[in-house]
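In terms of the working numbering, the sequence shown opens at residue 1 and continues consecutively.
Input: a single structure, listed below in structure tokens.
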Amino acid sequence: MKTKDIMERLRAKYPGESEYLQAVQEVLESIEDVYNQHPEFEQAKIVERMVEPDRIFTFRVTWVDDKGEVQTNTGYRIQFNSAIGPYKGGLRFHRAVTPSMLKFLGFEQTFKNALTTLPMGGAKGGSDFDPKGKTDAEIMRFCQAFMLELWQCIGPDQDIPAGDVGVGGREIGFLYGTYKKLAREYNTGVLTGKGSTWGGSILRPEATGFGALYFTQNLLHHAGKDIKGCKVAVSGFGNVAWGACIKALELGAKVVAISGPDGVCAIPDGITKEMIDYMLVMRASNRDRVEDMATKFPGKAIFTPGKKAWSIPCDIALPCAFQNELSEDDAKELKANGCWCCCEVSNMGCQPGAIHFFQHNGILFAPGKAVNAGGVATSGLEMTQNAEHISWSGKEVDEKLHFIMKSIHEQCVKFGTQPDGSVDYVKGANIAGFMKVAQAMLEQGIV
Ligand code: GLU
Numbered sequence: 001m002k003t004k005d006i007m008e009r010l011r012a013k014y015p016g017e018s019e020y021l022q023a024v025q026e027v028l029e030s031i032e033d034v035y036n037q038h039p040e041f042e043q044a045k046i047v048e049r050m051v052e053p054d055r056i057f058t059f060r061v062t063w064v065d066d067k068g069e070v071q072t073n074t075g076y077r078i079q080f081n082s083a084i085g086p087y088k089g090g091l092r093f094h095r096a097v098t099p100s101m102l103k104f105l106g107f108e109q110t111f112k113n114a115l116t117t118l119p120m121g122g123a124k125g126g127s128d129f130d131p132k133g134k135t136d137a138e139i140m141r142f143c144q145a146f147m148l149e150l151w152q153c154i155g156p157d158q159d160i161p162a163g164d165v166g167v168g169g170r171e172i173g174f175l176y177g178t179y180k181k182l183a184r185e186y187n188t189g190v191l192t193g194k195g196s197t198w199g200g201s202i203l204r205p206e207a208t209g210f211g212a213l214y215f216t217q218n219l220l221h222h223a224g225k226d227i228k229g230c231k232v233a234v235s236g237f238g239n240v241a242w243g244a245c246i247k248a249l250e251l252g253a254k255v256v257a258i259s260g261p262d263g264v265c266a267i268p269d270g271i272t273k274e275m276i277d278y279m280l281v282m283r284a285s286n287r288d289r290v291e292d293m294a295t296k297f298p299g300k301a302i303f304t305p306g307k308k309a310w311s312i313p314c315d316i317a318l319p320c321a322f323q324n325e326l327s328e329d330d331a332k333e334l335k336a337n338g339c340w341c342c343c344e345v346s347n348m349g350c351q352p353g354a355i356h357f358f359q360h361n362g363i364l365f366a367p368g369k370a371v372n373a374g375g376v377a378t379s380g381l382e383m384t385q386n387a388e389h390i391s392w393s394g395k396e397v398d399e400k401l402h403f404i405m406k407s408i409h410e411q412c413v414k415f416g417t418q419p420d421g422s423v424d425y426v427k428g429a430n431i432a433g434f435m436k437v438a439q440a441m442l443e444q445g446i447v
């Protein structure tokens, strides 16, 4: 297998699908050497099969806004790979959603889920619906219209969606209510991220952020460092950033920045519990503005429009917002300001140039598919609880999450340790995830 040849073919076949092509290129580059040591992979054309989704559902979603006007969006569900378990992955509601974005996310999800140690295949879905400025009633009507089509594609042993950007507990509630009505059964295992009184797992809302900090702790420990007292810059203020801030604070780090599409809030004395709680209010308002934090906490949070979190000096950068949110220039600015570690929490949050810069300038870097896997892993734990009709305590879930993040870190070290003893976490995560999925595909024949 030659990455160059496969990429040339994919570029010709899917011109303009830049996010998808970027994600595939990164994985293929890391696995090429290992792959070519396995003629049986080449014979079964594993890579050629793995880069194509199993199937893509596309559907029209029509709903009525508060003014009585009819609105039309496009909905998607991409079932990417089911070699090691049923399709699993979130739904993204964002105005910029395209098939390319969801294909990149579904592809990444396949490897991420393989790293979790749990039996889950990869999928992703969503819509170009823009939650910004929408009322709760509009969000509900959109979710109902979306599920009217989606429900036939999903099931607890088939495909289990969850949240992602623009889809949190509120949306999962509306989606599940509609599913239940259409399917006429109380099948909680069909969605994860549910409310804790109706089948949701304790700690699922916090899990992506908590897991990311547990992974960061493991990485720092391996490098002989400690997170206590470190200054952390976080991008975004949504569910993932929220969980990351809670755990960072708990572990004795100081969160000195959060950001939004409108700019950055510097927090020189470190984020407080009250500010973290206020992030939930900001998310629920659908205003999508981080400036609201500075208005609520004058003098404590200082807003600068148009700037990113990466302009604030820190030790550790945690991208928690959107793909490609951290460029090579941002990476250089981070280093110039003293940053020495970047754990990518958003999916593909760093541009290839930024990753290259980190890796060649002695900055510890780990990719999203390892760092943020605690979210989907806890979804997997929610599925187990649903299947057994029980619910575990927070302590039980947290212990399992700890174990999973430690194990993901170990897999990265196993497959990513370089001759000089340093760990290439990108290589480690990609090879570990790939080997598991490839082996399963091989054993299941040409299907
Ligand atoms: N959207 C999350 C992710 O990127 C979670 C998916 C899930 O829980 O299924 O992994």
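Glycine is no exception: its CB is placed at the ideal position from the N, C-alpha and C atoms.
Item	Value
G125, enclosing beta strand (DSSP E) - first and last residue	122-127
Neighbour-count burial assignment, Q152, 16 or more Cβ in a 10 Å radius	exposed
Residues bridged to L442 (per DSSP)	Answer is none; L442 lacks a bridge partner.
Residue from Y76, K231, P205 with nearest C-alpha to V97	Y76
K67: CB within 6 Å of a non-hydrogen atom of the ligand GLU	no
Cβ-heavy atom distance, A162 to the ligand GLU, below 6 Å	yes
According to DSSP, residues forming a beta bridge with D159	Y87, G155
For P131, three-class secondary structure by DSSP	coil
6 Å Cβ shell around G200 - same chain, five flanking residues per side excluded	K194
For A366 and L219, the rounded distance between their alpha carbons	8 Å
Inter-residue spacing [alpha-carbon to alpha-carbon] between A387 and A294	44 Å
8 Å contact criterion, which A373 and K112 should meet: CB distance rounded	5 Å
Any non-hydrogen atom of the ligand GLU within 6 Å of S100 CB	no
V376: CB within 6 Å of a non-hydrogen atom of the ligand GLU	yes
Three-state secondary structure (DSSP) of A96	coil
Spatial neighbours of S379 in its chain, beta-carbon cut-off 6 Å, leaving aside the 5 residues before and after	A162, T192
Alpha-carbon to alpha-carbon, N36 and P319	33 Å
Per DSSP, the bridge partner or partners of T304	V264
In DSSP terms, what D164 is bridged to	V167
Heavy atom of the ligand GLU within 6 Å of G90 beta-carbon	yes
C-alpha gap between V234 and A309, whole angstroms	6 Å
Cβ shell of K180 (< 8 Å), same chain only, five flanking positions each side left out	Y186, N187
Alpha helix (DSSP H) runs wholly inside the segment 283-328, at least 4 long, in chain order	291-296
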